[in-house]
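Each residue of the sequence shown is one higher than the last, beginning at 23 in the numbering used here. The block underneath contains the structure these notes are about, expressed in structure tokens.
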Amino acid sequence: MRRAFTNDFSWSKSRHEKFQECLRSYYFFYYGSWGGWESGAPQDVRELYVLKKLGNRYAWAGSVVHDAIKDALLDWRAGRTVDPAQVEARAHKLMREDFKHSSTKGYWTQKYRKTFSGLVEHEYGEPVSDEAWKQNWETVRSALGWFFGSRWPELARGLKPAQWLEVDAGADFSTFTLEGVKVFAIPDFAYLEADGTPVVVDWKTGKARDGYDEQVLGYALYVTQRYRQPLEKVRASLVYLNDGVEHAVHVDRDAMEGFKARFATSVARMREMLADPTSNTPKDVSAFPQTEDLTACVRCAFRRPCGREAAVAATKVA
């Protein structure tokens with residue numbers, strides 16, 4: 023008998039950021055949409071579920087790059103040869119297929135690939151020029167070009183089997199427990215150097231922003247727990263693919279204690295919004311107010327059920 027899904031409480035950096043940005047969006051994403059995949063789900067729940075799976079064109083570009091690099095790393099780990107031109111061609115073909123699926127709003131009726139459902143720009147009929155869509159592809163092409171010309175392919179090909187730890191293992195595997203809470207931490211790449219030093223790497227296709235170091239600290243903590251590595255040995259890097267910049271994230275006891283303190287505060291605030299913390303049952307939706315910042319609504323897939331669609335459209339016209 024298949025085990026029934028339960029909406030258990032967990033924590034991730036992305037969940038924390040959504041909680042910080044808009045409580046109503048947070049409620050829709052983690053609670054209101056729950057069960058929307060079921061064939062008999064109420065229409066409003068189904069709508070929230072479909073909408074939560076939509077991304078924007080910038081996140082889409084990043085996802086395509088991450089998937090392409092993940093496949094290349096897995097090929098190198100298996101001893102297979104990787105042709106960068108073929109990787110680029112596959113990514114371009116995939117994006118054309120994604121665009122067709124999304125532009126026809128196939129995500130409402132069809133199952134598609136796991137890491138892409140559709141785009142919020144298509145759902146709300148946002149005016150995006152052909153040049154902007156082409157630039158989205160250029161972002162992907164540029165990031166892949168830099169990656170294959172960087173030090174990382176040679177490094178990956180030179181790793182022995184025992185040095186490989188993880189390649190974007192996915193949410194089914196990359197979790198650990200912190201203060202009794204399940205935490206999602208999915209490093210893009212983790213390996214051991216020749217001297218046994220563990221390294222965690224996170225690829226980025228956008229610009230640097232606050233919060234990225236915090237995300238990688240979570241990855242470092244995950245590696246220390248899962249692979250029983252001493253914290254003081256872990257090295258961590260943010261790699262900005264489109265800028266060709268590698269940023270070392272400082273990992274030490276003070277940094278980790280700061281992370282744990284911020285984590286505890288975040289968890290406590292989330293639990294304050296629960297009617298029953300034991301079953302992860304939220305308070306009524308009215309306890310989760312909308313943000314007053316319309317710039318956040320411009321990026322949000324829930325603007326229609328939230329009642330902000332017209333306001334966002336007016337903002338874009340202005």
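Just so you know, even glycine gets a beta-carbon here, dropped at the ideal spot from N, CA and C. Because the structure is a prediction, the values reported are computed rather than measured.
- In its chain, beyond the 5 residues on either side, VAL221 have a beta carbon closer than 7 angstroms to the beta carbon of GLU215.
- Annotation for GLN185: TYR213, LEU214 place their beta carbon closer than 7 angstroms to its own, counting only its chain and skipping 5 residues before and after.
- Excluding sequence positions up to five before and after VAL86, its CB lies within less than 7 angstroms of the CB of ALA113, LEU116, MET117, VAL162, all in the same chain and listed in chain order.
- Relative to PRO209, the option among VAL203, GLU39, THR219, TRP225 whose CA is nearest is TRP225.
- A straight line joining the alpha-carbon of ASN264 with that of PRO106 spans about 16 angstroms.
- Annotation for TYR134: no alpha helix (DSSP H) segment contains it, and DSSP assigns it neither H nor E.
- A distance below 6 angstroms between beta-carbons, with the five flanking residues on each side excluded, links HIS123 to the following residues of its chain, in chain order: TYR134.
- Under the three-state reduction of DSSP output, LYS40 falls in the helix class.
- Separation of GLU236 and ASP97 (C-alpha to C-alpha, rounded to the nearest whole angstrom) is 30 angstroms.
- Look at ASP89 here: in three-state DSSP terms it is helix.
- Looking at the DSSP output, SER259 sits in a beta bridge with VAL223, ALA270.
- In the three-state reduction of the DSSP assignment, TRP33 falls in the strand class.
- Burial is judged here by how many other beta carbons sit within 10 angstroms of a residue's own beta carbon; GLU69 has at least 16 and is buried.
- In the DSSP annotation of this structure, the continuous segment of the alpha helix (DSSP H) that includes THR246 starts and ends at 234-248.
- Within its own chain, the residues whose Cβ lies closer than 6 angstroms to the Cβ of ASN29, once the five positions on either side in sequence are excluded, are TRP56, ASN302, listed in chain order.
- Per DSSP, the beta bridge partners of TYR213 are TRP186, VAL221.
- For LYS204, the enclosing beta strand (DSSP E) has its first and last residue at 203-206.
- Under the three-state reduction of DSSP, LEU76 is assigned to strand.
- Annotation for LEU45: the continuous alpha helix (DSSP H) segment containing it runs 45-49.
- ASP276 and ASP315 have their C-alpha atoms some 34 angstroms from each other.
- Going by DSSP, ALA290 is part of the alpha helix (DSSP H) stretching over 275-293.
- Judged by DSSP secondary structure, PHE310 falls outside any alpha helix (DSSP H); it is assigned neither H nor E.
- Shown here, LEU200 sits in a strand according to DSSP, grouped into three states.
- Relative to TRP33, the option among TYR52, HIS144, ARG99, ALA111 whose CA is nearest is TYR52.
- For ASP298, the enclosing beta strand (DSSP E) has its first and last residue at 296-298.
- With a cutoff of 7 angstroms on beta-carbon distance, VAL307 and TYR49 are scored as near each other.
- Close CB contacts of PHE170 within its chain, under the 6 angstroms cut and outside five residues either way in sequence, are with PRO106 (chain order).
- Distance from the CA of LYS75 to the CA of ARG102, rounded to the nearest whole angstrom, comes to 33 angstroms.
- Selection VAL67, GLY228, VAL334, GLY233 evaluated against GLU39 yields GLY233 as nearest (Cα-Cα).
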